[in-house]
Amino acid sequence: MYIERSATIMTIQTQPYMEFSYLRTLAGVLKVIELILNFLVFICVIAGPFSYFAGVGWSSFVSCTAFSVTLTLLLLYIFHVVETYPTIPWLLTEMIYCIFCAIFFFITGCVLATDAVSVAYGGAWAAGSFFAFGAMICYGFDVFLKYTSWKNGESPQMTLPTAVTQQSTSVH
Numbered sequence: 001m002y003i004e005r006s007a008t009i010m011t012i013q014t015q016p017y018m019e020f021s022y023l024r025t026l027a028g029v030l031k032v033i034e035l036i037l038n039f040l041v042f043i044c045v046i047a048g049p050f051s052y053f054a055g056v057g058w059s060s061f062v063s064c065t066a067f068s069v070t071l072t073l074l075l076l077y078i079f080h081v082v083e084t085y086p087t088i089p090w091l092l093t094e095m096i097y098c099i100f101c102a103i104f105f106f107i108t109g110c111v112l113a114t115d116a117v118s119v120a121y122g123g124a125w126a127a128g129s130f131f132a133f134g135a136m137i138c139y140g141f142d143v144f145l146k147y148t149s150w151k152n153g154e155s156p157q158m159t160l161p162t163a164v165t166q167q168s169t170s171v172h
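Written as structure tokens, this is what we have:
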């Protein structure tokens, strides 16, 4: 006498693919604005009168590092790599990154503002300070968005499966 049982196993595999619809979301637009502000801070810093001030080196480091990491995150979202590795806590990781960026851009804005008033022809550094405070606000708002998404249990990106496999087995 045989007892027949069947089980259906469904697996969803996501593979990286390119889709620019992320750029139309609030998080995508915010990342693009952050990239632009990071670039503007860097341009204003190197356009300043002297490059040997310690604050100039710090500001260049912060803006270049934030630009590189934010661009990498943007590309990870555009190519849906975030969906490929769901075990990584993307929202928490990115929230911590944005906290550090907001703090570092606050320090950068303060340093550039004090350097701008202490030297003649410091207008470029004053503009850099303005853009640094703008970047601080953007990263702070990004922290708020990531925190609310993380607390609500949302996924960092909509999951669109690219391959669905269904397997049926019979056991006798």
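Going by the UniProt record's numbering, the sequence shown opens with residue 1, and the numbers climb by one from there.
Positions of the beta carbon are idealized from the N, C-alpha and C atoms, including for glycine.
- So does the region 80-90 actually touch the region 128-143, counting three or more Cβ pairs closer than 8 Å? Counting Cβ pairs under 8 Å, fewer than three are found: no touch.
- Item | CB of A116 within 9 Å of CB of A126, strictly | Taking 9 Å as the Cβ cut-off, A116 and A126 qualify as a contacting pair.
- Is it true that the region 25-37 meets the region 66-78, where meeting means three or more beta-carbon pairs spaced less than 8 Å apart? The region 25-37, when compared against the region 66-78, does touch it at the 8 Å Cβ threshold.
- Run through the region 11-86 for me and flag every whole beta strand (DSSP E) of 3 or more residues, listed as ranges in chain order. Within the region 11-86, no complete beta strand (DSSP E) segment of 3 residues or longer occurs.
- Message: Please report the straight-line C-alpha distance between G48 and G123, rounded to a whole angstrom.
- Response: Spanning the alpha carbons of G48 and G123 requires a straight line of approximately 7 Å.
- Message: Quick check on L112: buried or exposed, where buried means 16 or more other Cβ atoms within 10 Å of its Cβ?
- Response: Under this definition L112 is a buried residue.
- Message: Can you tell me whether T25 is buried or exposed? The criterion is at least 16 other CB atoms within 10 Å of its CB, across all chains shown.
- Response: If you draw a 10 Å sphere on the C-beta of T25, you find fewer than 16 other C-beta atoms in it, and that means exposed.
- Among the residues of its own chain, which have a CB less than 8 Å from the CB of Y147, if the five just before and after it don't count? The beta carbon of Y147 is closer than 8 Å to those of M95 in its chain, skipping five residues each way along the sequence.
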